[in-house]
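Peer 1: Just so you know, we're using my numbering here: the sequence shown kicks off at 482 and counts up by one. Using N, Cα and C, we set each Cβ at its ideal position, and we do this for glycine too.
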Amino acid sequence: MRTSTLLIHDPPGTHGILMADPRPKGCLICLAPKCRRDDMDTGTYTGFDVSVEKPGIAWIEFNEPERLNGMNSGKKRDLIEILTQAQMDNAVRVVVFIGTGRGFCAGDDLKAYSTRERDEQALMPPISPGHDTPIGTYDGLRQISQALNVAIRNLDKLSIAAINGYAIQTGLSLALSCDFKIAASSAQLGSATLRFGLLPDEGGQYLLVEHMGVARTMDFVMRKRIVSADEALALGLVNEVVEGDELREHARNLALELASGPQVSQRLLKRSVYLAAELSWSQALDEIASKTAISDHHPDSREGVAAFRERREAHFNEWLRAYE
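(1) From the DSSP output, read off the bridge partner residues of Val533.
(2) Identify the continuous alpha helix (DSSP H) that holds Ala740 and give its terminal residues.
(3) Inspect the beta-carbon positions of Gln627 and Gly684 and report whether they are closer than 7 angstroms.
(4) CA-CA distance, Gly524 and Asp767?
(5) Which residues does DSSP list as the beta-bridge partners of Gly584?
(6) By alpha-carbon positions, which one of Lys705, His731, Arg790 and Ala740 ends up nearest to Lys662?
(7) Drop a sphere of 10 angstroms on the beta-carbon of Gln566, count the other beta-carbons inside from all chains shown, and report buried for 16 or more, exposed for fewer.
(8) Below 8 angstroms on the Cβ atoms is my contact criterion, and I expect Ala713 with Leu670 to pass it. Report the Cβ-Cβ distance as a whole number of Å.
(9) Who are the Cβ neighbours of Lys772 in its own chain at under 8 angstroms, not counting the five residues just before and after it?
(10) Out of Lys556, Gln744 and Ser709, point me to the one whose CA is closest to Ser640's CA.
(11) Going by the beta-carbon positions, is the gap between Leu688 and Leu657 smaller than 7 angstroms?
(12) What number of angstroms, rounded off, separates the C-alpha of Asn635 from the C-alpha of Glu545?
(13) Taking only three categories from DSSP, how would you classify Ser709?
(14) Out of Asp530, Val576 and Ser532, which one is the CA nearest neighbour of Asp659?
(15) Report the residue from Gly555, Asn553, Lys557 and Asp570 whose alpha carbon sits nearest the alpha carbon of Val533.
(16) Going by Cα to Cα distance, which pick from Arg623, Leu679 and Ala664 is closest to Gln650?
(17) Under the assumption that Ser741 contacts Pro536 (Cβ atoms under 8 angstroms), give the Cβ distance between them as a whole number of angstroms.
(18) Can you give the Cα-Cα distance for Phe677 and Lys705, rounded to whole angstroms?
(19) Quick one: grab the DSSP three-state call for Gly654.
(20) Between Phe585 and Gly652, how many whole angstroms is the CB-CB distance? I'm expecting something under 8 angstroms.
(21) May I ask which residues mark the beginning and end of the alpha helix (DSSP H) holding Glu724?
(22) DSSP on Thr523, reduced to helix/strand/coil?
(23) Using the three-state DSSP reduction, which class does Ala513 fall into: helix, strand or coil?
(24) For Lys662, name the three-state secondary structure that DSSP assigns.
(25) To the nearest angstrom, report how far apart Lys506 and Gly785 are at their CA atoms.
(26) Just to confirm the assignment, what range does the alpha helix (DSSP H) spanning Leu636 have?
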């Protein structure tokens, strides 16, 4: 079973990019053979499995159905590490999150925050029940719980949440951090932190406002609502609702579609879409123009135009073939 490793800087000559493994690996900048990274780590971690299938679809599958795939600080640290690797691995194009059993992720697993876990040597400050000190609470949230959602949102690669069951609090925020949300018809989504007198401290309030506006978010969080998949679709929390036995295949088909698209242009456009919500009209125009100056001169755009003229299917991502 794998354990977390402390994020460190690469050795000299690799441009100072953060890595999740102390072994010398390469970078994404120079692309010289001797400077290319190893594959993303796959296998079983405590609470989730990681696998990668062609063409570059990374699956992160929560595997504690008896706990409704609840989260704890150790699991969050491991996920941050895996996402760091996914970001830096050219073989990964899309990341898919999915759960097993009745839960996608039903929030923080309060039972898991035992005395043993609190007292063990941690890589980062743990979040303990009752929030022992204000500084510990702040640091724990910023470095673990909030950092997980930031790591998902900051991926250049596109991400998919395949919501198979309960997505509550931490699980809901994790799903909303993804670029695409597909829910099984039996799924239930909610931010019921006020039932425990707690706040959506992992950034849930921001993500909810982003998806459905202030008025609906106020009703959602203050009334401690947990909604069905169909209502979540109507509220704008998910993109699609499918039957439970079709969820995995539906997520795979979407991932295949996204992985086959022009990766450079998709990644630039993803960032522009999120920035558009924060920038002025003038700033957004300048921002998309600067990214277009990159994408228009990439081989993928030339291939796309040539395919259109020749009335054939475009074959993008030749630059990634060496990593498959």
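Peer 2: This is what the structure holds:
(1) Taking the sequence shown and counting its residues from 1, the one referred to as residue 533 is at position 52. Val533 is bridged to Ala539.
(2) Position 259 of the sequence shown holds residue 740. Residues Leu728 to Ser741.
(3) By one-based count along the sequence shown, residue 627 stands at place 146. By one-based count along the sequence shown, residue 684 stands at place 203. Cβ distance < 7 angstroms, so Gln627 and Gly684 count as in contact.
(4) Stepping through the sequence shown from its first residue, residue 524 is reached at position 43. Stepping through the sequence shown from its first residue, residue 767 is reached at position 286. Straight-line Cα distance between these residues: approximately 43 angstroms.
(5) Numbered from its first residue, the sequence shown carries residue 584 at position 103. Looking at the DSSP output, Gly584 shares a beta bridge with Tyr647.
(6) Indexing the sequence shown from 1 puts residue 662 at position 181. Taking each of Lys705, His731, Arg790 and Ala740 in turn and checking the Cα distance to Lys662, the smallest one comes out for His731.
(7) Here the question's residue 566 lines up with position 85 in the sequence shown. Label assigned to Gln566: buried.
(8) On the sequence shown, position 232 is the one that residue 713 refers to. On the sequence shown, position 189 is the one that residue 670 refers to. The C-beta distance from Ala713 to Leu670 rounds to 5 angstroms, short enough to fall under 8 angstroms.
(9) Translated into the one-based positions of the sequence shown, residue 772 becomes position 291. Within the same chain, Lys772 has close Cβ partners Leu749, Leu750, Arg752 and Ser753.
(10) Looking up residue 640 in the sequence shown gives position 159. Taking Ser640 as reference, the option from Lys556, Gln744 and Ser709 with the minimal CA-CA separation is Gln744.
(11) Taking the sequence shown and counting its residues from 1, the one referred to as residue 688 is at position 207. Taking the sequence shown and counting its residues from 1, the one referred to as residue 657 is at position 176. Contact: yes.
(12) Position 154 of the sequence shown, counted from the first residue, corresponds to residue 635. Position 64 of the sequence shown, counted from the first residue, corresponds to residue 545. In this model, Asn635 and Glu545 are separated by some 26 angstroms (Cα to Cα).
(13) As a first step, residue 709 must be located in the sequence shown, where it is residue number 228. Strand.
(14) Looking up residue 659 in the sequence shown gives position 178. It should be pointed out that residue 659 corresponds to Cys in this sequence rather than to Asp. Of all alpha-carbon atoms in Asp530, Val576 and Ser532, the one lying nearest the alpha-carbon of Cys659 is that of Val576.
(15) The residue given as residue 533 occupies position 52 in the sequence shown. Distance from the Cα of Val533 is smallest, within the candidate group Gly555, Asn553, Lys557 and Asp570, for Asp570.
(16) To locate residue 650, count along the sequence shown from 1; it is residue 169. Measuring from the Cα of Gln650, the nearest candidate turns out to be Leu679.
(17) Translated into the one-based positions of the sequence shown, residue 741 becomes position 260. Translated into the one-based positions of the sequence shown, residue 536 becomes position 55. With 8 angstroms as the limit, Ser741 and Pro536 qualify as a contact, their Cβ atoms being about 7 angstroms apart.
(18) Here residue 677 refers to the residue found at position 196 when the sequence shown is read from its first residue. Here residue 705 refers to the residue found at position 224 when the sequence shown is read from its first residue. One alpha carbon belongs to Phe677, the other to Lys705, and they sit about 10 angstroms apart.
(19) On the sequence shown, position 173 is the one that residue 654 refers to. The sequence shown places Ser at residue 654, rather than the Gly named in the question. Note: Ser654 maps to helix in three-state DSSP.
(20) Residue mapping note: residue 585 aligns to position 104 of the sequence shown, counting from 1. Residue mapping note: residue 652 aligns to position 171 of the sequence shown, counting from 1. By a beta-carbon distance limit of 8 angstroms, Phe585 contacts Gly652. Their separation comes to about 5 angstroms.
(21) Here residue 724 refers to the residue found at position 243 when the sequence shown is read from its first residue. Where Glu724 is concerned, there is no enclosing alpha helix (DSSP H), given that its DSSP letter is neither H nor E.
(22) To locate residue 523, count along the sequence shown from 1; it is residue 42. Reduced to three states, the DSSP call for Thr523 is coil.
(23) If you number the sequence shown from 1, residue 513 lands on position 32. Only weak support exists for where Ala513 lies, its pLDDT of 40 falling under 50; the coordinates are left without a value.
(24) Mapped onto the sequence shown, residue 662 falls at position 181. Of the three classes helix, strand and coil, the one that applies to Lys662 here is strand, per DSSP.
(25) Indexing the sequence shown from 1 puts residue 506 at position 25. Indexing the sequence shown from 1 puts residue 785 at position 304. With a pLDDT of only 41 at Lys506, under the threshold of 50, the placement of this residue in the model should not be trusted; the figure read from the coordinates follows. One alpha carbon belongs to Lys506, the other to Gly785, and they sit about 33 angstroms apart.
(26) Taking the sequence shown and counting its residues from 1, one reaches residue 636 at position 155. Secondary structure note for Leu636: it is in no alpha helix (DSSP H), with a DSSP letter that is neither H nor E.
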